[in-house]
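There are 2 protein chains.
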Amino acid sequence: MKSSVSGCSVEEAMRLLGGRWRLLLVSYLLDGPKRFGELRKDVPGISQRMLTLDLRALEDAGLVRRTVFAEVPVKVEYQLTEDGLRMEPVVAVMKAFGLWLKSRA
Amino acid sequence: MKSSVSGCSVEEAMRLLGGRWRLLLVSYLLDGPKRFGELRKDVPGISQRMLTLDLRALEDAGLVRRTVFAEVPVKVEYQLTEDGLRMEPVVAVMKAFGLWLKSRA
DNA sequence: CAGGATCCGACCCGATACTG
DNA sequence: CAGTATCGGGTCGGATCCTG
């Protein structure tokens, strides 16, 4: 066999990124810092609830940094951390696979 | 901006591979054809129900081929199709990310 | 051996209403 | 603007029992 018990780490990764929106969110954040409302507009179909929850989860995992600007009205920016940038290959490969999926009959 | 509407394909991919077990299953199938019971033993914690459902989903997507041997008792083998092999980079990158996740404090 | 059928709890996710 | 609170439906996923 080539690798047997190796699959466990896949499960760990999917537990964090396996949701419907998280990786998609990350793909947008790769373009640079984004405001909450900006993500809401850009990500088609996401509810404001899920946006909050998923951003929070990524923040708790140390992959996204949340910056609050004490202005009126409030402005909040989300950006990938150094660690968060490590998801770039994941997004790239998933994007490629998704494109291929759609290109099939 | 570098890429704006590109994220849609990520959602497509996650809709297919986003479950808890699917990508993990694929990672085992990359080693070669596996029998049902073999996967059940190898994949720690999966129920026979989810194993069936997820294999069926991958089969319906044309990524896994199911072969029934008319023996007694029955023997069923699952293997990745040509198309299914396209998930190899996805598994690889997700495995790497998962390992890195676990290696952090 | 490889599943199908059924039941049931947990969680994902969306819609809506309200707030600092 | 950027959330929080609450409700409810749908899906995910496990346990158990049954079958070709």
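Respectively, the protein sequence lines represent chains A and B. Take the first sequence: its letters are residues 1 to 105, numbered as in the UniProt record's numbering. Take the second sequence: its letters are residues 1 to 105, numbered as in the UniProt record's numbering. The beta-carbon is built from N, C-alpha and C at its ideal position, and this holds for glycine as well.
Check: Distance CB(A:S9)-CB(A:V91) smaller than 7 angstroms; Outcome: no
Check: Exposure label - B:S4; buried when at least 16 CB within 10 Å; Outcome: Because the pLDDT of B:S4 is 40, which lies under 50, any placement of that residue in the model is unreliable, and the number read from its coordinates should be weighed accordingly. Counting Cβ neighbours within 10 Å, B:S4 comes out exposed, since fewer than 16 surround it.
Check: B:W100 versus A:E12 - alpha carbon distance; Outcome: 10 angstroms
Check: Contact set between B:M50 and chain A, taken where Cβ atoms lie within less than 7 angstroms; Outcome: Ordered by position in chain A, no residue passes the 7 angstroms Cβ test against B:M50, which lies about 13 angstroms from the chain.
Check: Expected contact under 8 angstroms - CB spacing of A:L55 and A:L25 to nearest Å; Outcome: 7 angstroms
Check: Strand pairing of A:V68, partner residues [DSSP]; Outcome: A:V76
Check: Cβ-based burial, A:F69 [other Cβ within 10 Å; buried from 16]; Outcome: exposed
Check: Three-state class that DSSP yields for A:R35 in the structure shown; Outcome: strand
Check: Whole-angstrom distance between A:G84 and B:K102, CA atom to CA atom; Outcome: 14 angstroms
Check: Within 7 angstroms, strictly: CB atoms of B:G29 and B:L63; Outcome: Looking at the sequence itself, residue 29 of chain B is Leu, so the reference to Gly does not match. Contact flag unset, no.
Check: Chain B within 7 angstroms of A:P33, Cβ atoms only; Outcome: no
Check: Residue environment, B:V43, which counts as buried when at least 16 other CB atoms sit within 10 Å; Outcome: buried
Check: CB-CB length for B:R20 against A:G18, believed under 8 angstroms; Outcome: 7 angstroms
Check: 7 angstroms Cβ cut-off: residues of chain B touching A:L53; Outcome: Neighbours of A:L53 on chain B: none; closest Cβ ~16 angstroms, over 7 angstroms.
Check: CB of B:L51 within 7 angstroms of CB of B:R40, strictly; Outcome: yes
Check: Contacts that A:G84 makes with chain B (C-beta to C-beta distance below 8 angstroms); Outcome: In chain order: nothing, as chain B lies at least about 11 angstroms away.
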